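*Asks:* Okay, handing you the structure first.
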Amino acid sequence: MPGLKPENRIAMNSALLLLYLLLLTGAPQQEKKAATSAAQSQNCNHVPHIALVPMGFSDAAMLNLLQSEITNFYQARVTITATVEMPAAAWYAPRNRYRADTIIAILARSKQYAAYDKVIAITGKDISTTKGQYPDWGILGLGFCPGKSCVVSTRRLKKSATGTRHLQERTVKVALHELGHTFGIPHCANSSKCLMRDAGGTVKSVDAEEKYLCPKCRGMLE
3 MPGLKPENRI
13 AMNSALLLLY
23 LLLLTGAPQQ
33 EKKAATSAAQ
43 SQNCNHVPHI
53 ALVPMGFSDA
63 AMLNLLQSEI
73 TNFYQARVTI
83 TATVEMPAAA
93 WYAPRNRYRA
103 DTIIAILARS
113 KQYAAYDKVI
123 AITGKDISTT
133 KGQYPDWGIL
143 GLGFCPGKSC
153 VVSTRRLKKS
163 ATGTRHLQER
173 TVKVALHELG
183 HTFGIPHCAN
193 SSKCLMRDAG
203 GTVKSVDAEE
213 KYLCPKCRGM
223 LE
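Numbered by the numbering used here, the letters in the sequence shown go through residues 3 to 224 in order.
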(Lines of atoms letter the chains of each structure in order from A; the text may use other names.)
(Lines give C-alpha, C1' and ligand atoms only; values in the text may rest on other atoms or scores of the structure.)
Protein backbone atom coordinates (compact mmCIF):
# COMPACT_ATOMS: atom_id res chain seq x y z
CA MET A 3 0.00 0.00 0.00
CA PRO A 4 1.65 3.26 -1.13
CA GLY A 5 2.46 5.78 1.55
CA LEU A 6 2.46 3.27 4.45
CA LYS A 7 5.54 2.41 6.38
CA PRO A 8 6.40 -1.32 6.45
CA GLU A 9 5.47 -1.67 10.11
CA ASN A 10 2.07 0.02 9.51
CA ARG A 11 1.43 -2.17 6.48
CA ILE A 12 2.07 -5.30 8.57
CA ALA A 13 -0.29 -4.06 11.31
CA MET A 14 -3.06 -3.34 8.77
CA ASN A 15 -2.67 -6.72 7.11
CA SER A 16 -2.89 -8.40 10.52
CA ALA A 17 -6.06 -6.47 11.33
CA LEU A 18 -7.66 -7.43 8.02
CA LEU A 19 -6.74 -11.09 8.58
CA LEU A 20 -8.26 -11.00 12.08
CA LEU A 21 -11.46 -9.42 10.73
CA TYR A 22 -11.71 -12.11 8.05
CA LEU A 23 -11.29 -14.88 10.61
CA LEU A 24 -13.95 -13.35 12.86
CA LEU A 25 -16.41 -13.15 9.98
CA LEU A 26 -15.59 -16.71 8.96
CA THR A 27 -16.13 -18.18 12.43
CA GLY A 28 -19.13 -15.97 13.21
CA ALA A 29 -21.21 -17.14 10.26
CA PRO A 30 -21.74 -20.73 11.51
CA GLN A 31 -22.67 -19.35 14.93
CA GLN A 32 -25.29 -17.08 13.37
CA GLU A 33 -26.62 -20.00 11.34
CA LYS A 34 -26.76 -22.14 14.48
CA LYS A 35 -28.63 -19.43 16.40
CA ALA A 36 -31.09 -19.01 13.53
CA ALA A 37 -31.70 -22.76 13.36
CA THR A 38 -32.21 -22.95 17.14
CA SER A 39 -34.63 -20.03 17.06
CA ALA A 40 -36.60 -21.63 14.23
CA ALA A 41 -36.76 -24.96 16.07
CA GLN A 42 -37.97 -23.26 19.25
CA SER A 43 -40.61 -21.34 17.30
CA GLN A 44 -41.80 -24.53 15.62
CA ASN A 45 -41.97 -26.30 19.00
CA CYS A 46 -44.01 -23.44 20.51
CA ASN A 47 -46.44 -23.59 17.61
CA HIS A 48 -46.84 -27.37 17.78
CA VAL A 49 -50.41 -28.45 18.50
CA PRO A 50 -50.34 -31.65 20.57
CA HIS A 51 -52.43 -34.50 19.21
CA ILE A 52 -54.12 -36.43 22.02
CA ALA A 53 -55.84 -39.80 21.77
CA LEU A 54 -58.91 -40.16 24.00
CA VAL A 55 -59.34 -43.90 24.45
CA PRO A 56 -62.66 -45.33 25.75
CA MET A 57 -61.60 -48.38 27.73
CA GLY A 58 -64.70 -50.51 28.15
CA PHE A 59 -66.51 -47.16 28.26
CA SER A 60 -69.59 -46.19 26.25
CA ASP A 61 -70.84 -42.84 27.64
CA ALA A 62 -70.85 -40.82 24.40
CA ALA A 63 -71.88 -37.58 26.12
CA MET A 64 -68.94 -37.83 28.52
CA LEU A 65 -66.51 -38.59 25.70
CA ASN A 66 -67.68 -35.63 23.64
CA LEU A 67 -67.44 -33.33 26.65
CA LEU A 68 -63.91 -34.53 27.46
CA GLN A 69 -62.87 -34.01 23.86
CA SER A 70 -64.14 -30.43 23.92
CA GLU A 71 -62.71 -29.55 27.35
CA ILE A 72 -59.26 -31.02 26.66
CA THR A 73 -59.12 -29.30 23.27
CA ASN A 74 -59.86 -25.89 24.77
CA PHE A 75 -57.77 -26.24 27.93
CA TYR A 76 -54.56 -27.50 26.32
CA GLN A 77 -55.07 -25.99 22.85
CA ALA A 78 -54.78 -29.51 21.49
CA ARG A 79 -56.27 -31.71 18.81
CA VAL A 80 -58.19 -34.54 20.44
CA THR A 81 -59.31 -37.69 18.66
CA ILE A 82 -61.76 -40.14 20.23
CA THR A 83 -60.41 -43.53 19.23
CA ALA A 84 -62.11 -46.90 18.93
CA THR A 85 -63.24 -48.50 22.18
CA VAL A 86 -60.87 -51.10 23.61
CA GLU A 87 -61.28 -53.65 26.38
CA MET A 88 -59.56 -53.36 29.73
CA PRO A 89 -56.14 -55.02 29.43
CA ALA A 90 -56.11 -58.44 31.08
CA ALA A 91 -52.50 -57.87 32.15
CA ALA A 92 -53.65 -55.01 34.41
CA TRP A 93 -56.20 -57.09 36.34
CA TYR A 94 -55.45 -57.33 40.09
CA ALA A 95 -57.54 -60.26 41.31
CA PRO A 96 -57.02 -59.81 45.10
CA ARG A 97 -58.94 -56.51 44.97
CA ASN A 98 -61.07 -57.07 41.85
CA ARG A 99 -59.74 -54.01 40.04
CA TYR A 100 -57.15 -52.88 37.51
CA ARG A 101 -53.64 -51.57 38.04
CA ALA A 102 -53.44 -48.05 36.62
CA ASP A 103 -49.65 -48.11 36.27
CA THR A 104 -49.89 -51.21 34.08
CA ILE A 105 -52.62 -49.61 31.96
CA ILE A 106 -50.61 -46.48 31.19
CA ALA A 107 -47.47 -48.51 30.50
CA ILE A 108 -49.42 -50.58 27.95
CA LEU A 109 -50.85 -47.44 26.34
CA ALA A 110 -47.41 -45.81 26.10
CA ARG A 111 -45.93 -48.88 24.37
CA SER A 112 -48.84 -49.52 22.02
CA LYS A 113 -48.08 -49.04 18.31
CA GLN A 114 -51.76 -48.22 17.90
CA TYR A 115 -51.15 -44.84 19.54
CA ALA A 116 -47.58 -44.23 18.34
CA ALA A 117 -48.62 -41.28 16.16
CA TYR A 118 -50.16 -39.40 19.11
CA ASP A 119 -48.30 -37.04 21.44
CA LYS A 120 -50.42 -38.04 24.45
CA VAL A 121 -52.91 -40.79 25.27
CA ILE A 122 -55.64 -40.62 27.91
CA ALA A 123 -57.85 -43.60 28.69
CA ILE A 124 -61.27 -43.25 30.32
CA THR A 125 -62.94 -46.16 32.09
CA GLY A 126 -65.77 -46.91 34.47
CA LYS A 127 -63.78 -49.68 36.15
CA ASP A 128 -62.01 -49.32 39.48
CA ILE A 129 -58.26 -48.65 39.21
CA SER A 130 -55.38 -48.63 41.67
CA THR A 131 -51.66 -48.13 42.17
CA THR A 132 -49.03 -48.50 44.87
CA LYS A 133 -48.97 -45.58 47.30
CA GLY A 134 -46.44 -45.46 50.12
CA GLN A 135 -47.05 -48.34 52.50
CA TYR A 136 -50.15 -49.42 50.57
CA PRO A 137 -49.36 -51.94 47.82
CA ASP A 138 -52.75 -51.43 46.15
CA TRP A 139 -54.49 -48.09 46.66
CA GLY A 140 -57.71 -47.17 44.85
CA ILE A 141 -57.40 -43.95 42.84
CA LEU A 142 -59.31 -41.54 40.61
CA GLY A 143 -56.66 -41.36 37.91
CA LEU A 144 -52.95 -41.69 37.23
CA GLY A 145 -50.42 -40.05 34.94
CA PHE A 146 -46.63 -40.19 35.07
CA CYS A 147 -44.79 -36.85 35.20
CA PRO A 148 -43.72 -36.41 32.49
CA GLY A 149 -45.06 -39.20 30.32
CA LYS A 150 -47.11 -40.07 27.28
CA SER A 151 -50.17 -41.69 28.79
CA CYS A 152 -52.63 -41.46 31.66
CA VAL A 153 -55.90 -43.03 32.78
CA VAL A 154 -59.03 -41.75 34.54
CA SER A 155 -61.77 -43.78 36.21
CA THR A 156 -65.32 -42.58 36.88
CA ARG A 157 -65.91 -45.37 39.40
CA ARG A 158 -65.05 -43.38 42.53
CA LEU A 159 -66.08 -40.05 41.02
CA LYS A 160 -69.68 -41.31 40.88
CA LYS A 161 -69.80 -41.69 44.64
CA SER A 162 -71.60 -38.75 46.22
CA ALA A 163 -72.04 -37.06 42.82
CA THR A 164 -75.31 -35.12 42.87
CA GLY A 165 -76.09 -35.92 39.25
CA THR A 166 -74.77 -36.32 35.72
CA ARG A 167 -73.48 -32.76 35.46
CA HIS A 168 -71.59 -33.06 38.75
CA LEU A 169 -70.00 -36.33 37.62
CA GLN A 170 -69.00 -34.75 34.32
CA GLU A 171 -67.37 -31.79 36.08
CA ARG A 172 -65.37 -34.12 38.32
CA THR A 173 -64.27 -36.30 35.42
CA VAL A 174 -63.14 -33.33 33.34
CA LYS A 175 -61.05 -31.96 36.22
CA VAL A 176 -59.33 -35.29 36.85
CA ALA A 177 -58.68 -35.78 33.13
CA LEU A 178 -57.11 -32.33 32.79
CA HIS A 179 -55.09 -32.94 35.96
CA GLU A 180 -53.64 -36.26 34.79
CA LEU A 181 -52.84 -34.85 31.35
CA GLY A 182 -51.07 -31.99 33.13
CA HIS A 183 -48.73 -34.55 34.67
CA THR A 184 -47.91 -36.00 31.26
CA PHE A 185 -46.94 -32.49 30.14
CA GLY A 186 -44.46 -32.34 33.04
CA ILE A 187 -46.47 -30.40 35.64
CA PRO A 188 -46.09 -31.87 39.17
CA HIS A 189 -48.56 -31.48 42.02
CA CYS A 190 -49.08 -27.86 42.99
CA ALA A 191 -48.67 -26.45 46.50
CA ASN A 192 -49.07 -22.80 45.48
CA SER A 193 -52.84 -22.50 45.17
CA SER A 194 -55.75 -24.37 46.74
CA LYS A 195 -57.76 -23.74 43.56
CA CYS A 196 -55.13 -24.86 41.04
CA LEU A 197 -56.12 -27.84 38.95
CA MET A 198 -52.76 -29.50 39.70
CA ARG A 199 -53.31 -29.60 43.44
CA ASP A 200 -52.99 -33.13 44.87
CA ALA A 201 -56.49 -34.49 45.41
CA GLY A 202 -55.18 -36.96 47.97
CA GLY A 203 -57.53 -39.58 46.58
CA THR A 204 -60.64 -37.75 47.75
CA VAL A 205 -63.42 -36.41 45.54
CA LYS A 206 -63.94 -33.48 47.93
CA SER A 207 -60.57 -32.09 46.86
CA VAL A 208 -61.59 -32.45 43.22
CA ASP A 209 -64.76 -30.47 43.91
CA ALA A 210 -62.69 -27.70 45.54
CA GLU A 211 -60.41 -27.32 42.52
CA GLU A 212 -61.18 -25.13 39.53
CA LYS A 213 -60.42 -25.61 35.85
CA TYR A 214 -57.52 -23.24 36.25
CA LEU A 215 -53.72 -23.41 36.33
CA CYS A 216 -51.92 -21.07 38.71
CA PRO A 217 -49.23 -18.85 37.10
CA LYS A 218 -46.40 -21.18 38.14
CA CYS A 219 -48.06 -24.29 36.66
CA ARG A 220 -49.13 -22.39 33.54
CA GLY A 221 -45.52 -21.33 33.09
CA MET A 222 -44.40 -24.97 33.11
CA LEU A 223 -46.88 -25.74 30.36
CA GLU A 224 -45.78 -22.81 28.19
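Note that beta-carbon positions come from the ideal geometry of N, C-alpha and C, so glycine has one too. In this text, all values refer to a predicted model and were calculated from it rather than measured experimentally.
Check each candidate in W139, T156 and D119 and name the one with the smallest Cα separation from H51.
*Replies:* Residue mapping note: residue 51 aligns to position 49 of the sequence shown, counting from 1. Here the closest residue by C-alpha is D119.
*Asks:* At 3 residues or longer, what runs of the beta strand (DSSP E) sit wholly inside the segment 152 to 201?
*Replies:* none
*Asks:* Using a Cβ distance threshold of 8 angstroms, determine whether the segment 108 to 122 contacts the segment 146 to 156, with at least three qualifying pairs required.
*Replies:* Pairwise C-beta distances place the segment 108 to 122 in contact with the segment 146 to 156, as three or more of them are shorter than 8 angstroms.
*Asks:* Which residue from Y214, I106, Y100 and A91 puts its Cα closest to that of V55?
*Replies:* In the sequence shown, residue 55 corresponds to position 53, counting from 1. Selected option, being the one with the closest Cα: I106.
*Asks:* I'd like the list of long-range same chain contacts for M198, defined as Cβ closer than 7 angstroms, with 5 residues on each side in sequence excluded.
*Replies:* The residue you call residue 198 lines up with position 196 of the sequence shown. Around M198: H179, G182, I187, H189, C190, L215 and C219.
*Asks:* Go to V49, then tell me how far its beta strand (DSSP E) extends in each direction, as first and last residue.
*Replies:* Within the sequence shown, residue 49 is the residue found at index 47, counting from 1. Where V49 is concerned, there is no enclosing beta strand (DSSP E), given that its DSSP letter is neither H nor E.
*Asks:* Which residue from E224, T164 and S155 puts its Cα closest to that of M57?
*Replies:* Residue numbering aside, residue 57 sits at position 55 when the sequence shown is read from its first letter. That would be S155, whose Cα lies nearest to the Cα of M57.
*Asks:* Which stretch, first to last residue, makes up the alpha helix (DSSP H) that contains L65?
*Replies:* Within the sequence shown, residue 65 is the residue found at index 63, counting from 1. Taken as a continuous stretch (DSSP letters only), the alpha helix (DSSP H) holding L65 covers A62 to Y76.
*Asks:* Measuring CB atoms only, is the segment 157 to 177 touching the segment 113 to 133, in the sense that at least three cross pairs come out at less than 8 angstroms?
*Replies:* yes
*Asks:* Kindly indicate which residue of A177, S207 and S194 has the alpha-carbon position closest to the one of T73.
*Replies:* Against the sequence shown, residue 73 aligns to sequence position 71. When each option's Cα is compared against that of T73, the closest is A177.
*Asks:* Determine the extent of the beta strand (DSSP E) in which D138 is found, giving its start and end residues.
*Replies:* In the sequence shown, residue 138 corresponds to position 136, counting from 1. Residue range Y136 to I141 is occupied by the beta strand (DSSP E) that includes D138.
*Asks:* Three Cβ pairs or more, each shorter than 8 angstroms: is that satisfied between the segment 63 to 80 and the segment 167 to 175?
*Replies:* yes
*Asks:* Distance check for S207 and A201, CA to CA, integer angstroms please.
*Replies:* Translated into positions along the sequence shown, residue 201 becomes position 199. Translated into positions along the sequence shown, residue 207 becomes position 205. Taking the straight line joining both Cα atoms gives about 5 angstroms.
*Asks:* What is the DSSP secondary structure of A95, reduced to helix, strand or coil?
*Replies:* Here the question's residue 95 lines up with position 93 in the sequence shown. Three-state result, A95: helix.
*Asks:* What's the C-alpha gap between E224 and V80?
*Replies:* The count along the sequence shown starts at 1 and reaches residue 224 at position 222. The count along the sequence shown starts at 1 and reaches residue 80 at position 78. Approximately 19 angstroms, taken between the alpha carbons.
*Asks:* Shorter than 8 angstroms from the beta carbon of P148 to some beta carbon of chain D?
*Replies:* Of the protein chains in the structure, only one exists, and it is not chain D.
*Asks:* Can you have a look at Y100 and say buried or exposed, based on whether 16 or more other CB atoms are within 10 angstroms of its CB?
*Replies:* Here residue 100 is taken as the residue at index 98 of the sequence shown, counted from 1. Burial call: buried.
*Asks:* By alpha-carbon positions, which one of T164, S162 and A102 ends up nearest to G145?
*Replies:* Within the sequence shown, residue 145 is the residue found at index 143, counting from 1. Residue A102 is the option with its Cα nearest to G145.
*Asks:* Check each candidate in A78, Q77, W139 and A210 and name the one with the smallest Cα separation from P96.
*Replies:* Taking the sequence shown and counting its residues from 1, one reaches residue 96 at position 94. Residue W139 is the option with its Cα nearest to P96.
*Asks:* What does the alpha-carbon distance come out to for the pair E212 and K175?
*Replies:* Stepping through the sequence shown from its first residue, residue 212 is reached at position 210. Stepping through the sequence shown from its first residue, residue 175 is reached at position 173. Rounded to whole angstroms, E212 to K175 spans 8 angstroms at the Cα level.
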